[in-house]
Amino acid sequence: MPSNSVDGLLCYNKGCGNRFDPNANTEDSCQYHPGAPIFHDAYKSWSCCKKKSTDFTEFLNTKGCTRGKHNPEKPAEPERRKVDKSTDDEMLEVKPRPPVAKPLERPADNVPRVKIEAEIAPSLQELMKNLKLNQKEKVETEKSGIVPIGTACKNGGCKQFYQGNEDDQSVCEHHPGTPVFHEGLKYWSCCKRKTTDFDVFLSQKGCTEGEHLWLKSESSAKNKDLRIDWHQTPSTVTVAIYAKNYDPNVTCVYLTPVRMDLDVFFPADDFTYKKEIELGGVISVPKSTAKFLPSKIEVTLVKAQIGGWPDLYYHGSKKKAAPQKEETPEKEPSNVTSTDDDIVDLSDL
Numbered sequence: 025m026p027s028n029s030v031d032g033l034l035c036y037n038k039g040c041g042n043r044f045d046p047n048a049n050t051e052d053s054c055q056y057h058p059g060a061p062i063f064h065d066a067y068k069s070w071s072c073c074k075k076k077s078t079d080f081t082e083f084l085n086t087k088g089c090t091r092g093k094h095n096p097e098k099p100a101e102p103e104r105r106k107v108d109k110s111t112d113d114e115m116l117e118v119k120p121r122p123p124v125a126k127p128l129e130r131p132a133d134n135v136p137r138v139k140i141e142a143e144i145a146p147s148l149q150e151l152m153k154n155l156k157l158n159q160k161e162k163v164e165t166e167k168s169g170i171v172p173i174g175t176a177c178k179n180g181g182c183k184q185f186y187q188g189n190e191d192d193q194s195v196c197e198h199h200p201g202t203p204v205f206h207e208g209l210k211y212w213s214c215c216k217r218k219t220t221d222f223d224v225f226l227s228q229k230g231c232t233e234g235e236h237l238w239l240k241s242e243s244s245a246k247n248k249d250l251r252i253d254w255h256q257t258p259s260t261v262t263v264a265i266y267a268k269n270y271d272p273n274v275t276c277v278y279l280t281p282v283r284m285d286l287d288v289f290f291p292a293d294d295f296t297y298k299k300e301i302e303l304g305g306v307i308s309v310p311k312s313t314a315k316f317l318p319s320k321i322e323v324t325l326v327k328a329q330i331g332g333w334p335d336l337y338y339h340g341s342k343k344k345a346a347p348q349k350e351e352t353p354e355k356e357p358s359n360v361t362s363t364d365d366d367i368v369d370l371s372d373l
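In this text, residue positions in the sequence shown follow my numbering: the first is 25, and each later residue adds one.
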């Protein structure tokens with residue numbers, strides 16, 4: 025802290041505050057800050073030198089960045105704003121805030137759903153043409169069980185190609201896990217040898233030995249639940265449904281003011297993925313749009329009322345529907361297996 029002696033005049037330069045002898049006041053007697061103090065985001069600094077600190081005492085003890093004469097003149101106090109008392113008796117007009125709009129009453133979900141005419145990306149149309157040709161070849165190969173020469177091993181990380189029956193006896197060094205890309209790092213979930221270089225990641229030797237996998241059906245959409253992300257603005261909600269190798273000419277998006285239904289058709293599996301989403305708010309169906317892209321389906325829902333949704337999904341209370349009587353199915357012949365959801369493997373009987 026600046027020192028104060030009993031004798032002498034007080035210097036009013038910022039960062040100095042020392043007392044001085046006016047007869048010995050030279051051009052380098054005072055070390056001070058010509059700038060102004062700045063307080064921003066917990067940092068304290070001087071505009072002239074910007075030596076930042078979070079500690080106020082340390083800030084006060086920051087030595088001046090400029091030398092000059094001591095200043096005995098006390099800075100003038102800021103001028104106080106004069107109040108005009110002649111206007112005290114005048115009436116001030118206070119305009120009330122506009123009332124907050126009441127939330128829209130959630131309509132009953134008993135209106136017919138509307139099919140949205142989606143915009144199909146040209147790149148997706150071209151991809152579907154190639155996919156249909158390749159799929160026909162894959163089906164013929166899988167049915168025959170014959171591995172074409174030059175077929176790459178389907179195990180992750182294996183770089184071997186099928187050249188004949190002798191390759192079936194070779195050891196397959198592969199990664200049984202899945203590739204992970206996170207914050208610039210690339211690695212396999214099974215061994216987690218992390219790298220930032222993609223070529224190094226691709227050249228990593230497999231961590232497991234096993235048999236080659238020459239023929240592998242494409243992962244079935246029947247066993248998957250498509251990933252769905254969403255974000256919102258005050259006026260819209262954008263929903264992304266991530267899917268590949270779906271047919272945009274058969275896939276459909278249906279909307280009501282409070283619901284979105286998805287029918288996503290995967291030709292490779294001859295399967296339609298169905299999803300019903302009861303929306304967290306009310307939308308304007310005519311203004312909402314959809315886009316079919318190679319890696320996802322993007323639906324833009326226009327809100328019927330400006331504001332924020334707590335969630336994409338509606339979590340409100342629902343009245344329990346009256347239990348419906350289940351029809352007793354007719355007895356099937358004894359050689360028909362049970363239709364329960366649990367699948368029992370009978371291959372070892």
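Each residue gets a CB set at the ideal place from its N, CA and C atoms; glycine is no exception.
- Excluding five sequence positions before and after residue 266, the CB atoms of its chain that fall closer than 7 Å to its own CB belong to 250, 251, 319 and 320, given in chain order.
- DSSP, read as helix, strand or coil, puts residue 209 in strand.
- Separation of the CB atoms of residue 132 and residue 316 is rounded to 30 Å, and the pair is thereby denied contact status at 8 Å.
- Look at residue 128 here: in three-state DSSP terms it is coil, with no helix or strand label.
- For residue 220, the CB contacts under 8 Å within the same chain, skipping 5 residues up- and downstream, are 208, 209 and 210 in chain order.
- Taking C-beta separations shorter than 8 Å and ignoring five residues to either side along the sequence, the partners of residue 90 in its chain run 55, 56, 57, 58 and 72, following chain order.
- For the set 296, 314 and 339, the Cα lying nearest the Cα of residue 302 is the one of 339.
- Between the alpha carbons of residue 216 and residue 177 lies a gap of roughly 22 Å.
- Sequence-distant Cβ neighbours of residue 253 in its own chain, meaning closer than 7 Å and more than five residues away, are 264.
- In this model, residue 172 and residue 214 are separated by some 30 Å (Cα to Cα).
- In this structure, the beta-carbon distance from residue 256 to residue 332 falls below 8 Å.
- Sequence-distant Cβ neighbours of residue 223 in its own chain, meaning closer than 6 Å and more than five residues away, do not exist here.
- Boundaries of the beta strand (DSSP E) around residue 262: 260-266.
- Its Cα nearest to that of residue 87, the residue 37 stands out among 37, 47 and 48.
- DSSP places residue 176 in the strand class (E or B) of the three-state scheme.
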